[in-house]
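These notes are about the structure you will find just below.
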Amino acid sequence: MTLPTEKVDVVIVGSGAAGSAIAAKLAAGGKQVVILEAGPERGNPDLISSGIWARRLKWSGEPVLEDGENPVGHVFNAGYGIGGSAMHHFAVWPRFHEEDFEMRSLYDRGLDWPISYADLQAHYDQVQRESGIAGDAEKEIWRPPAQPYPMPPVPRFAQGAVIARGFEKLGMHTAPLPLAVTTREYNGREVCIWDGWCAAGCPIGALANPLTTDLPIAFTHGAVLQANATVSRILSSDTGEFVTGVEFHDEAGEIRQLMADLVVLAAFTVQNPRLMLASANDKHPAGLANSSGLIGKFIMSHSAALVYGLFDENTSCHLGAVGGQLVNQDGYGKNTHTDAGAFGSYQWMIAPAVKPNDLLGMATTRPDLFGNDLHSFMQDAAHGFAGMTAVIEDLPLAENAVTLSSTLDRFGTPLARVTHTTQTRSKSLWQAVLEEGRAIFEAAGAREVWTGPQAAMHIMGGTIMGQDPAHSVCNTYGQAHDIPNLVIAGAGLFPTSAGVNPTFTIHALAARSSEHLLNHWNSIVQ
Amino acid sequence: MPQTRRAFIRTTGIGLLSFYVAGCKLELTPGEARQQEIPFQVLQLDQVRILEAFGEVLLPGSAAAGLAHFIDHQLNAAPADQLLMIKYLGVDPPFTAFYTQGLEALNDTAKSAHGVQFFELSVDQKAALTGQIALANPDGWAGPPAPLFYFVLRNDAVDVFYGTKQGIESLGIPYMAHIEPPSRWGE
């Protein structure tokens with residue numbers, strides 16, 4: 004693919020879930036699209052089944068400085084290379100609930116979204132058809148109004164059955180986890196073999212990542228992707244009223260420009276605000292499109308509540324998907340644990356496929372063990388290990404933010420600094436949910452139960468959407484309030500984090516934005 | 031481990047353990063590299079000796095599995111190509127100082143407490159000191175946070191021992207690769 008030298012219709016910064024989805028839609032809509040990706044080019048043959056090799060898919064770009072009491076774990080949560088973090092995501096695709104969009108109105112906490120679930124429902128349904136999700140709509144009793152899943156649910160292996168027993172004994176409900184993974188041949192994609200290598204990328208196309216779904220569509224319609232292209236600045240007109248393109252450094256380190264009618268920032272939650280802040284000019288002295296002063300603010304990260312156990316039965320814990328086999332959202336109501344001083348939603352992802360090593364591996368769950376005790380544990384765990392993870396809602400706080408460091412990267416752009424401390428009620432929720440998880444495993448008959456530390460999962464916020472330009476960065480389509488032909492995509496748009504995984508909602512928002520951009524193209528671009 | 035042969039390691043973009051020895055390219059597992067006494071590129075031999083002794087406390091068999099060659103190879107790679115788990119843990123690259131300063135602190139602690147180097151401690155003394163640093167910095171510790179150093183090295187040992195096809199299958203777990211790791215240490 005040759006990078007155009009002339010002005011193009013659209014330049015998209017980043018090839019992750021959001022950037023690839025918008026690229027596919029806009030290219031299919033007849034627009035000339037160029038995607039600039041800071042990381043390397045990869046194809047399916049590069050997706051090696053190994054927890055060690057999979058680390059190549061994690062962030063390896065310019066360092067992101069972290070502070071606060073609960074760092075967001077940027078390297079682990081972000082991606083590097085074509086497909087971005089979606090290349091190592093677990094494909095757990097539940098929907099946000101109706102109440103997630105009305106937090107301030109209903110509970111006087113957090114923020115309201117400028118759209119409702121009803122505004123997004125058709126786009127969820129559209130993405131679900133296009134990307135394919137396996138699930139059981141009837142058993143998922145908490146699911147908001149939606150079309151049935153297009154694929155039958157994921158299978159339940161021994162680990163799932165063992166843990167489900169604990170939920171049942173406590174009068175709790177489980178359903179198959181909604182996964183964007185094939186349980187039957189789907190649009191020419193192979194069926195998953197449940198080998199547990201999701202986080203290493205999925206070279207057979209069973210898991211809906213950009214290499215499998217959106218990028219082939221984008222390329223079919225003429226989109227061009229340039230890897231190893233690090234955008235360092237967004238260019239704007241003399242008046243500051245619109246953007247004109249981007250400045251980037253190519254693989255050789257040469258500085259180049261690409262002009263475009265529309266600029267889409269889809270460089271993940273941290274790099275988007277970093278680029279906007281670093282693109283300050285005389286018309287936008289506090290950062291590009293930052294009249295609200297809110298660029299970078301309201302960074303959120305789900306806390307993971309990690310519960311583990313050993314059972315006498317063989318759990319076959321290597322089988323399945325890394326996201327898990329079952330879901331429970333009995334505690335999704337925001338006030339489930341008010342007695343503990345907690346607030347917010349959560350869901351259990353139950354029975355993930357696990358490997359011996361890496362950050363989520365069996366060995367890491369017991370960092371206190373070493374020597375022959377560790378060997379003994381590994382032998383035991385290989386047959387009787389089980390685990391589950393709760394996604395804990397993180398309330399938005401303005402002081403949790405991306406800011407610019409005084410340290411510059413190799414191209415002279417200030418590094419991003421991410422400050423994050425979990426809100427007190429969100430932390431209380433994490434603690435209360437851990438205790439619930441412990442009780443579930445004990446009810447399931449685990450002979451040993453332990454829990455993990457508070458861990459960061461997903462990164463959201465920082466370029467939030469809203470109706471009021473004084474209190475948000477973007478409108479409901481991701482267009483910057485101050486500059487309509489600058490569009491932000493991804494989880495940075497979220498005003499609240501909900502208690503579920505973000506990727507499905509990222510796709511739904513991208514589909515909604517793309518439709519709007521195509522329908523109103525002439526009034527948006529200059 | 032004497033450096034008796036003129037050799038150098040070629041670090042590829044994806045971390046393949048390719049060694050050039052006297053003009054010949056060898057692809058070896060870390061364990062094979064250790065057996066063949068392939069020279070180290072980053073670590074000094076005294077550091078290797080401490081590292082292997084520490085690895086044996088953390089996970090017996092990790093030294094023979096090539097823990098030191100694995101770490102040395104990764105430290106010699108470009109930051110974007112490094113596959114060490116430390117990259118997840120809030121430590122900015124390059125990581126060499128983390129390892130070398132940690133090993134030095136571990137050895138200094140052994141000398142301060144017992145008057146001998148870490149690898150000269152008795153089995154019980156090594157285990158006791160390891161248990162100590164897993165929880166907190168010992169008095170006078172002058173390296174990276176001791177519990178983090180313990181955590182990182184322990185996971186490196188798990189990587190080389192249990193993170194390979196051979197290691198996973200040793201637990202009775204089928205590897206089920208779509209695409210097998212191309213280096214010998216992935217077998």
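Going down the list, the protein sequences come from chains B and G.
For the first sequence, this note's numbering begins at 4 and goes up steadily by one.
For the second sequence, this note's numbering begins at 31 and goes up steadily by one.
For every residue, glycine included, the Cβ atom is placed at its ideal position computed from N, Cα and C.
Given the structure is predicted, the values throughout are model-derived calculations rather than measurements.
query: Got a sec? Which residues, its chain only, sit under 6 angstroms from residue 410 of chain B by beta carbon, not counting five neighbours each side?; result: 418
query: Let's see if you can read the secondary structure: which residues bound the beta strand (DSSP E) around residue 252 of chain B?; result: 246-252
query: Going along chain B, which residues have a C-beta under 7 angstroms from residue 189 of chain G?; result: 55, 360
query: What is the DSSP secondary structure of residue 521 of chain B, counted as helix, strand or coil?; result: helix
query: Could you give the distance in angstroms between the alpha-carbon of residue 517 of chain B and the alpha-carbon of residue 146 of chain B?; result: 26 angstroms
query: Taking contact to mean 3 or more Cβ pairs, one atom from each stretch, closer than 8 angstroms, check whether the region 247-257 of chain B and the region 384-399 of chain B are in contact.; result: no
query: Taking its Cβ as the centre, do 16 or more other Cβ atoms sit within 10 Å of residue 162 of chain B, making it buried, or is it exposed?; result: buried
query: Does any residue of chain G have a CB that is nearer than 8 angstroms to the CB of residue 87 of chain B?; result: no
query: Would residue 109 of chain G be called buried (16 or more neighbouring beta carbons within 10 Å of its own) or exposed?; result: exposed
query: How far does the beta strand (DSSP E) with residue 311 of chain B in it extend, from its first residue to its last?; result: 303-313
query: So, with DSSP's three-state summary, where would you put residue 320 of chain B?; result: coil
query: When DSSP labels each residue in this structure, what does residue 201 of chain G get in the three-state scheme?; result: coil
query: Could you confirm whether any beta carbon from chain G is found closer than 8 angstroms to the beta carbon of residue 61 of chain B?; result: yes
query: Distance check for residue 280 of chain B and residue 294 of chain B, CA to CA, integer angstroms please.; result: 11 angstroms
query: Examine chain G for any beta-carbon lying closer than 8 angstroms to the beta-carbon of residue 17 of chain B, and answer yes or no.; result: no
query: Let me see if you follow: with CB-CB separation under 8 angstroms, is residue 129 of chain G close to chain B or not?; result: no
query: Whose C-alpha, out of G/61, G/75, G/80, is nearest the C-alpha of residue 95 of chain G?; result: G/61
query: Please list, in chain order, the residues of the region 369-383 of chain B that have any C-beta partner in chain G closer than 8 angstroms.; result: 370, 371, 373, 374, 375, 377, 378, 381, 382
query: Which word fits residue 153 of chain G, buried or exposed, when buried means at least 16 other C-beta atoms lie within 10 angstroms of its C-beta?; result: exposed
query: Does chain G have any CB closer than 8 angstroms to the CB of residue 235 of chain B?; result: no
query: Name the chain G residues whose beta carbon is nearer than 8 angstroms to that of residue 79 of chain B?; result: 118
query: Looking at the secondary structure, which residues open and close the beta strand (DSSP E) in which residue 329 of chain B lies?; result: 329-331
query: Suppose only complete runs of 3+ residues qualify. What are the beta strand (DSSP E) ranges in the region 59-83 of chain B, listed by chain order?; result: 68-70
query: Does the contact criterion of 3 or more C-beta pairs under 8 angstroms hold for the region 41-52 of chain B versus the region 256-267 of chain B?; result: no
query: Got a sec? Which residues, its chain only, sit under 6 angstroms from residue 426 of chain B by beta carbon, not counting five neighbours each side?; result: 398, 400
query: Which residue comes first and which comes last in the alpha helix (DSSP H) that contains residue 380 of chain B?; result: 375-387
query: Quick one: list the residues of chain G neighbouring residue 186 of chain B, beta-carbon separation under 8 angstroms, in chain order.; result: Near residue 186 of chain B there are no residues of chain G at all, since even the closest Cβ is about 17 angstroms away, more than 8 angstroms.
query: For residue 198 of chain B, which residues in chain G fall below 9 angstroms Cβ to Cβ?; result: 204, 205, 206, 207, 208
query: Counting Cβ pairs, one atom from each stretch, are 3 or more of them under 8 angstroms apart for the region 13-23 of chain B and the region 207-223 of chain B?; result: yes
query: Here's the rule I'm using: 16 or more other beta-carbon atoms within 10 Å means buried, otherwise exposed. How should residue 78 of chain G be labelled?; result: buried
query: Name the two residues that bound the continuous beta strand (DSSP E) containing residue 461 of chain B.; result: 458-463
query: Opposite residue 392 of chain B in the DSSP bridges: which residues?; result: B/309, B/352
query: Based on the DSSP secondary-structure assignment, which residues constitute the bridge partners of residue 422 of chain B?; result: B/70, B/404
query: Does DSSP classify residue 528 of chain B as helix, strand or coil?; result: coil
query: Note down the Cα distance separating residue 166 of chain G from residue 177 of chain G, rounded to an integer number of angstroms.; result: 6 angstroms
query: Once the 5 residues before and after residue 2 of chain B are set aside, which same chain residues still bring their CB inside 6 angstroms of it?; result: Only positions 4 to 529 of chain B appear in the structure, and residue 2 of chain B is not among them; the question remains open.
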